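Protein chains in written order, with our numbering: chain C, 664 to 920; chain U, 3 to 16.
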């Protein structure tokens, strides 16, 4: 038996909006520690890892570990039927073939339940080693989204370079080229507006912009985003989900032949 | 020209 009650149901709606275009089907894993998902896009270039910790739920009951295969397009259709202020409860029976999403309006005068069929998904779970990253950049998520969107009108790939001067995003295409440099700044009044660069070693990596643009659909989940990079390793683009967890996207770099 | 790598190059199946 599984019963997870999330008061801020809009978070789950936003999570689905952030990942449904990258991944079609995924297993949601439920354990004592939380509600999580790890899934790759069909080309095995990008991976999303979601964690919603059990202590972030108002009520969290998971009698035994459960993996529930869901079609994210269908799940998103159902969650779109929840109001933004609704409380969402996820319910499932052990060994059952369906999951129920219950939506309660804040004043409790409307209660809906939507039952969705589960599916069997052969997912390839990857072991992601703990890594010391050469450079970690924390910046406003809206700024990162803006840069990715702007540069994708010029080129298909972006070179992200971190040096002591700042973080540089460069692209080029048929019509020309572009560079955006963000320097470290300290905002006294608002930490969310800060760009903070921790660098042990300069690092420069090339990525396909269309994936980064897809990741920025998570911008609504957090005011800040963290980019963690090491030479010849996938970048980690992390959005914290207030008080409850995170969504991390891993993107394999483009490497010179 | 830079070639797109796969996640399998970096991460092993668990």
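Note that CB positions come from ideal geometry on N, CA and C, so glycine has one too. Note that the structure is predicted; figures quoted are calculated from it, not measured.
With respect to the C-alpha of residue 845 of chain C, the residue from C:833, C:908, C:731 and C:909 having the closest C-alpha is C:833.
CA-to-CA, the gap between residue 823 of chain C and residue 808 of chain C works out to about 14 Å. Restricting attention to C:893, C:683, C:677 and C:759, the CA atom closest to the CA of residue 665 of chain C is found in C:759. Residue 664 of chain C carries a coil assignment under DSSP once its states are collapsed to helix, strand and coil. Excluding the 5 residues flanking it on each side, residue 775 of chain C has same chain C-beta neighbours closer than 6 Å at 766, in chain order. The bridge partners DSSP lists for residue 779 of chain C are C:762. Around residue 901 of chain C, no beta-carbon contact reaches into chain U at under 8 Å, the shortest distance being about 16 Å. Taking 3 residues as the minimum length, the beta strand (DSSP E) runs contained wholly in the stretch 855-910 of chain C are 859-862, 866-871, 887-892 and 898-904, in order along the chain. Boundaries of the beta strand (DSSP E) harbouring residue 919 of chain C: 917-919, taken from the DSSP string. According to the DSSP secondary-structure assignment, residue 829 of chain C is paired through a beta bridge with C:826. Taking CB atoms only, residue 788 of chain C has a neighbour in chain U less than 8 Å away. Annotation: Cβ neighbours of residue 917 of chain C in chain U (cutoff 8 Å, chain order): 4, 5, 6 and 7. When the five nearest sequence neighbours on each side are left out, the beta carbons in the same chain lying within less than 6 Å of the beta carbon of residue 878 of chain C are those of 900 and 912, in order along the chain.
As DSSP reads the structure, residue 913 of chain C sits in a beta bridge with C:710 and C:899. Here the stretch 666-686 of chain C makes contact with the stretch 733-748 of chain C; the two share three or more CB pairs at distances below 8 Å. Annotation: residue 749 of chain C to residue 806 of chain C spans about 29 Å, alpha carbon to alpha carbon.
Three or more Cβ pairs closer than 8 Å define a contact, and the stretch 867-884 of chain C meets that threshold against the stretch 894-909 of chain C. Taking 8 Å as the CB threshold, residue 909 of chain C stays off the interface with chain U. Sixteen is the threshold: when 16 or more other Cβ atoms of the shown chains lie within 10 Å of the Cβ of residue 858 of chain C, as they do, the residue is buried. Look at residue 815 of chain C here: in three-state DSSP terms it is coil, with no helix or strand label.
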